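Only one structure is covered here, and it is reproduced in the block below.
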Amino acid sequence: SMLPLKVLKHAQEDFVDYQGCGMSVTEMSHRSKQYDAIHQECLALLRELMNVPDNYKILLVQGGASQQFDAIPLNLLSGSKVADYVVTGNFAKKAYKAAKPYGDIRLAASSEDKTYTYIPKELTLSDNADYLYITQNNTIFGTRYTSLPTPKSGVLVADVSSNILSEVMDVSKYGVMYAGAQKNVAPAGVTIVIVREDLIGKEQAICPTMLKWSTQADADSLYNTPPCFSIYMAMLNLRHLKKLGGVAEIQKVNEYKAGLLYDFIDNSDFYHNYVNKGDRSLMNVPFVTGDKDLDAKFVAEAGKNGLLSIKGHKLVGGMRASIYNAMPVEGVKALIEFMKKFELENK
Ligand code: PMP
């Protein structure tokens, strides 16, 4: 997804010779003092911008968000080995399936009956669960939790891959939250895992070394070579977000952007968004015309007009506007202007 132009330009200037040290970040040792400063600044900015309490560790790991689908049960199923999962989309389902071999994995609720167009409010929760698992923002289907469910037992675990840093989150409400970088943070490579300290070190005996949170927690996320360039880009992007006023400020912009687009769609009889209004994502806005050929034409013509990556995920078709932090208000306005023009020409 988009990164702020200022961040890309800064990285471009730094790319060949990082601050006159004679090397690129892509070349330097992860044990060098230059890289260590980047690494520590990235961790400190994450802690500051997300207001992460002192009793939580921030881990920078590899393997994408998907690797945490296995790491979570392997690290957390330490008591009853029971966990409750809410399946609100493709990634939640993948996480649910991945966890199955490691314990007694139960379905607390699913919104598959209505093509994941809503967030289930009625949950069947276990008395003895080690954790309750949710996907807080559903990237493909465009839903999100506007309030968090409370586990009956154990802690709340949330995949925040597509909404991290987009809205204020109270970290103390979660046992674990984690996100792949490639939406609101940096290019793919680093995965951020924020975990309450007392949950670290209780992993199952079969947990591979590289999936144990304790491995990276004990080594300040430098147990092995980290994805240095992705972490460097994250650091630059976090600096940029701090200058913009932090998460609370970007949340206002995100609410404004999403509001413009949803209002336009709701007032149109040509475009439709089928997500339950109370559960709509601020980041991902899927929409359709109701005619597959017309949708394909929309995607092709939008591309010619500089509106890129607007094709909906193959599971849902149609269009999807991913309006992550870096998408400016002007980008959303340009999309709406194009939608108006396309409607006039194709109605
Ligand atoms: N969870 C969510 C909510 C996602 O949007 C994605 C990626 N689009 C993933 C998990 C998988 O992430 P990764 O590709 O980093 O494994």
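According to the working numbering, the stretch in the sequence shown is residues 1 to 347, in order. C-beta atoms are modelled at their ideal positions from N, C-alpha and C, and glycine is treated no differently. As the structure is a computational prediction, the values presented were derived from the model and not from experiment.
C-alpha gap between residue i and residue j, whole angstroms
| i | j | result |
| --- | --- | --- |
| L199 | L76 | 7 Å |
| D70 | I58 | 18 Å |
| H132 | E345 | One point to set straight first is that residue 132 is Leu, not His, in the sequence displayed. In a straight line, the C-alpha of L132 is about 48 Å away from that of E345. |
| G245 | N224 | 34 Å |
| V316 | T146 | 23 Å |
| S268 | P286 | 14 Å |
| F338 | A37 | 44 Å |
| V253 | I206 | 45 Å |
| V288 | L43 | 40 Å |
| S78 | Q136 | 24 Å |
| I350 | I119 | Outside the modelled stretch of the chain, which goes from 1 to 347, sits residue 350, for which no answer is possible. |
| T215 | L294 | 51 Å |
| V168 | E27 | 35 Å |
| P4 | D17 | 21 Å |
| S281 | G22 | 44 Å |
| T407 | N90 | Residue 407 lies beyond the stretch modelled for the chain, which goes from 1 to 347, so this question has no answer here. |
| R196 | R31 | 27 Å |
| S161 | F342 | 32 Å |
| G306 | S111 | 34 Å |
| V329 | N284 | 15 Å |
| S1 | L8 | 12 Å |
| K304 | L261 | 20 Å |
Exposure of residue i, with buried meaning 16 or more beta-carbon neighbours within 10 Å
| i | result |
| --- | --- |
| P208 | exposed |
| A300 | exposed |
| Y256 | exposed |
| A129 | buried |
| S29 | exposed |
| N184 | buried |
| F15 | exposed |
| T191 | buried |
| Q19 | exposed |
| D113 | exposed |
| Q12 | exposed |
| S172 | exposed |
| V275 | buried |
| Q68 | buried |
| L211 | buried |
| S309 | exposed |
| P101 | exposed |
| V142 | According to the sequence shown, residue 142 is Gly rather than Val. By the 10 Å Cβ count, G142 comes out buried. |
Rounded distance between the beta-carbons of residue j and residue i, thought under 8 Å
| i | j | result |
| --- | --- | --- |
| L74 | E249 | Wrong, their Cβ atoms sit about 37 Å apart, outside the cutoff. |
| K347 | F270 | 6 Å |
| G278 | P227 | Actually they are not in contact, since the Cβ atoms of G278 and P227 sit about 37 Å apart, beyond 8 Å. |
| S166 | Q251 | 7 Å |
| D104 | V82 | 5 Å |
Cross-strand partners of residue i (DSSP beta bridge)
| i | result |
| --- | --- |
| R106 | D84 |
| K57 | V195 |
| A158 | I134 and M177 |
(message) So within the region 179–229, which uninterrupted alpha helix (DSSP H) runs reach at least 4 residues, ignoring any that extend past its ends?
(response) 213–217
(request) Kindly provide the ranges of any alpha helix (DSSP H) runs that are 4 or more residues long and lie completely inside the region 238–263, ordered along the chain. (result) none
(request) Output the residue ranges of the alpha helix (DSSP H) runs that lie fully inside the region 279–325 and measure 4 residues or longer, sorted by chain position. (result) 292–304
(request) Starting from the N-terminal side, write out each stretch of the beta strand (DSSP E) that is 3 residues or longer and does not extend beyond the region 101–153. (result) 104–110 and 131–135
(request) Run through the region 6–61 for me and flag every whole beta strand (DSSP E) of 3 or more residues, listed as ranges in chain order. (result) 56–61
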